[in-house]
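To get the working numbering, take the position in the sequence shown, counting from 1, and add 10.
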Amino acid sequence: MSQARPDTRSAFLAACAEAIGAQHVLTDAHDTAPYVADWRKRYQGAACAVLCPADTAGVAAVVKLAHAHRVALVPQGGNTGLAGGATPDASGEQAVLSLRRLNRVREIDAHNNTITAEAGVILAEVQARAADAGRLFPLSLAAEGSCTLGGNLSTNAGGTAVLRYGNTRELCLGLEVVTPQGEVWDGLRGLRKDNTGYDLRDLFIGAEGTLGVITAAVMKLHPQPAARVTALAALGSAHAALDFLALAQRYAGPLLTGFELMSDFCMQLVGRHFPQLRYPFQTRHAQVVLLELSDNESEEHARALFERLMEAALDEGLVEDAVVAESLAQSQAFWHIREHIPLAQAQEGLNVKHDIGVPISRIGHFIEETDAGIARAVPGARMVTFGHLGDGNLHYNVQAPEGGDPKRFLAENEKTLNRIVYDSVHRHRGTISAEHGLGQLKVEEAAHYKSAVELKLMHAIKAALDPLNLMNPGKVLR
Ligand SMILES: Cc1cc2nc3c(=O)[nH]c(=O)nc-3n(C[C@H](O)[C@H](O)[C@H](O)COP(=O)(O)OP(=O)(O)OC[C@H]3O[C@@H](n4cnc5c(N)ncnc54)[C@H](O)[C@@H]3O)c2cc1C
11 MSQARPDTRS AFLAACAEAI GAQHVLTDAH DTAPYVADWR KRYQGAACAV LCPADTAGVA
71 AVVKLAHAHR VALVPQGGNT GLAGGATPDA SGEQAVLSLR RLNRVREIDA HNNTITAEAG
131 VILAEVQARA ADAGRLFPLS LAAEGSCTLG GNLSTNAGGT AVLRYGNTRE LCLGLEVVTP
191 QGEVWDGLRG LRKDNTGYDL RDLFIGAEGT LGVITAAVMK LHPQPAARVT ALAALGSAHA
251 ALDFLALAQR YAGPLLTGFE LMSDFCMQLV GRHFPQLRYP FQTRHAQVVL LELSDNESEE
311 HARALFERLM EAALDEGLVE DAVVAESLAQ SQAFWHIREH IPLAQAQEGL NVKHDIGVPI
371 SRIGHFIEET DAGIARAVPG ARMVTFGHLG DGNLHYNVQA PEGGDPKRFL AENEKTLNRI
431 VYDSVHRHRG TISAEHGLGQ LKVEEAAHYK SAVELKLMHA IKAALDPLNL MNPGKVLR
């Protein structure tokens with residue numbers, strides 16, 4: 011990438027100030043600080059400015075200027091990404107392009123079951139506006155109070171309801187995008203069917219800001235379910251959890267919205283660091299599954315279905331114990347246990363995180379084989395295994411041995427652990443990133459595991475759309 015000379019950089023910033031207002035061009039270190047480090051504080055970058063346009067025209071103006079002055083842009087939404095994708099490098103040459111001021115819901119079309127919203131609208135706001143219109147926007151994740159729709163699209167976020175509703179890609183019908191040259195592509199079409207050539211929309215989804223800037227989207231809405239019922243089931247192994255998933259799908263079909271696996275060590279960590287979140291069973295069990303049904307009929311219908319399912323699972327010896335939430339508060343308490351696992355893990359100390367996906371049928375074998383490989387290489391390492399079993403997506407994290415120094419553990423073992431885990435993922439024809447993207451965290455690993463043909467095609471797309479490599483350079487592709 012060609013870099014801007016200091017004189018052209020100041021000319022660029024002056025032109026940006028003219029285009030979007032000087033108060034929306036942040037250059038003071040104090041003002042830019044929240045934008046140049048990632049959520050996990052793993053990456054600390056620097057930026058020549060943080061640019062905050064208010065609308066699509068403002069984004070187009072800024073991108074055009076960046077193109078003319080050869081300044082690289084790092085798009086950013088809520089900055090909750092977990093792969094360092096929204097963090098600029100340390101050179102101070104790049105500018106962060108914040109989309110947060112593009113925060114309008116442009117239209118809700120109840121009959122078409124769509125919402126058209128700008129990239130900077132916070133996910134919780136999209137959900138709330140859909141609910142006001144009597145509809146459900148089903149994308150849901152723990153960062154929903156601060157992540158943005160544009161960030162969700164650019165990372166193709168997953169979350170807790172993928173099993174039923176799909177990930178962000180499946181929820182999107184149309185996009186508005188500013189190209190790396192500053193042109194606006196208006197693809198805001200709320201169509202379920204459109205077979206007119208290459209699918210540009212899908213190209214920009216999950217591209218992590220490397221191909222253009224998403225400024226607005228048409229998203230699918232769904233009917234609000236009449237009731238949601240949550241349960242916890244205790245099981246003896248991950249293999250049993252897989253059989254239980256098949257049984258649950260047979261009984262509940264598309265009503266099954268969530269199916270989350272939590273190993274006993276995850277439950278112990280939550281108990282240790284958040285004792286107010288009560289362990290729900292009398293005895294310990296190797297695995298706990300959280301299930302949720304979203305029922306279009308009634309709560310009674312959902313409960314009756316759950317009862318039949320649990321009876322069958324107990325009869326078949328799949329489930330060792332089960333508890334169905336009696337109230338909304340209890341249901342929330344169950345979800346709190348699940349959501350507190352990453353927090354409990356953080357309290358326990360630094361750890362090596364993996365966000366992997368394998369075919370659902372391979373999960374039991376993957377866990378067995380990889381656990382054994384890690385135990386051989388790093389005796390005493392503690393596995394924190396949890397995640398969206400119904401989507402074949404596990405957070406397969408590794409904690410230092412009890413009493414060990416987490417910092418030293420990370421420095422000495424991270425590379426080895428990554429290799430063991432990703433080699434195993436590769437053997438099972440899985441992916442090294444099921445939810446969080448590649449960002450800058452996994453660029454090297456992606457280059458290691460993707461085939462030469464796949465990488466060549468990806469580089470060809472990048473070169474065709476962004477030949478100057480000004481859109482989020484260094485992310486996704488090296
Ligand atoms: C507590 C917590 C829980 C989480 N749980 C989940 C989960 O369950 N599932 C999941 O998938 N993720 C999860 N995440 C990760 C994160 O929330 C998602 O990746 C989210 O979609 C990022 O949105 P954001 O607005 O914060 O994007 P950012 O972090 O700002 O950006 C992410 C990437 O998208 C690019 N980008 C952002 N906006 C645009 C735009 N408008 N146009 C082009 N590129 C853009 C950035 O350059 C960057 O590469 C979690 C994060 C946290 C902190």
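Each residue gets a CB set at the ideal place from its N, CA and C atoms; glycine is no exception.
- Within the chosen limit of 7 Å, ligand 1 reaches the beta carbon of His446 through at least one heavy atom.
- Taking non-hydrogen atoms of ligand 1 into account, the C-beta of Ser341 is found less than 7 Å away from none of them.
- Here Leu255 is buried. Its C-beta has 16 or more other C-beta atoms within 10 Å.
- Closer than 7 Å to some heavy atom of ligand 1: that describes the Cβ of Glu218.
- Taking a contact as a CB-CB distance under 8 Å, the pair Gly130 and Leu109 counts as one, their CB atoms being some 4 Å apart.
- Taking all protein chains in view, the Cβ of Gln292 is surrounded by fewer than 16 other Cβ atoms within 10 Å, so the residue is classified as exposed.
- Here the C-alpha atom of Phe419 lies approximately 13 Å from the C-alpha atom of Asn428.
- A distance criterion of 7 Å places the beta-carbon of Ser164 in contact range of ligand 1, judged by its closest non-hydrogen atom.
- Per DSSP, the unbroken beta strand (DSSP E) holding Phe396 starts and ends at Arg392 to His398.
- Rounded to the nearest whole angstrom, the C-alpha separation of Cys157 and Ala96 is 12 Å.
- A straight-line Cα-Cα distance of about 6 Å links Asp476 and Leu221.
- Annotation: Leu404 to Gln286 spans about 26 Å, alpha carbon to alpha carbon.
- Taking every protein chain shown into account, the CB of Leu151 has 16 or more other CB atoms within 10 angstroms, so this residue is buried.
- Taking 7 Å as the cut-off, the C-beta of Gly169 counts as close to a heavy atom of ligand 1.
- Judged by their CB atoms, Asp325 and His295 are not nearer to each other than the 8 Å cut-off.
- Short note on Gln297: C-beta not closer than 7 Å to any heavy atom of ligand 1.
- Around the beta-carbon of Ser337, fewer than 16 other beta-carbon atoms lie within 10 Å, marking it exposed.
- About 5 Å separates the beta carbon of Val60 from that of Thr42, a gap short enough to meet the 8 Å contact definition.
- Following the DSSP letters along the chain, one finds Gly367 inside the beta strand (DSSP E) bounded by residues Asp365 to Gly367.
- Beta-bridge partners of Cys276 (DSSP): none assigned.
- Cβ contact annotation for Ala134 (same chain, cutoff 6 Å, sequence separation greater than five): Glu154 and Gly155, in chain order.
- A direct Cα-to-Cα measurement between Asp381 and Arg437 gives close to 15 Å.
- Here Ser156 carries a coil assignment [DSSP, helix/strand/coil].
- Counting C-beta pairs with one atom in each stretch, the stretch 162 to 174 and the stretch 219 to 236 have three or more that are closer than 8 Å, which means they touch.
- Within the chosen limit of 7 Å, ligand 1 reaches the beta carbon of Ile224 through at least one heavy atom.
- Taking Asp48 as the centre and dropping the five residues before and after it, the same chain places the C-beta of Gly94 and Thr97 closer than 6 Å to its C-beta, in chain order.
- Between the stretch 383 to 390 and the stretch 341 to 353, the count of Cβ pairs shorter than 8 Å is below three; the stretches do not touch.
- For Tyr406, the three-state secondary structure derived from DSSP is strand.
- A Cβ-Cβ contact shorter than 8 Å links Gln409 with Gln355.
- Classified as buried, Pro85 has 16 or more neighbouring CB atoms from the shown chains inside 10 Å of its CB.
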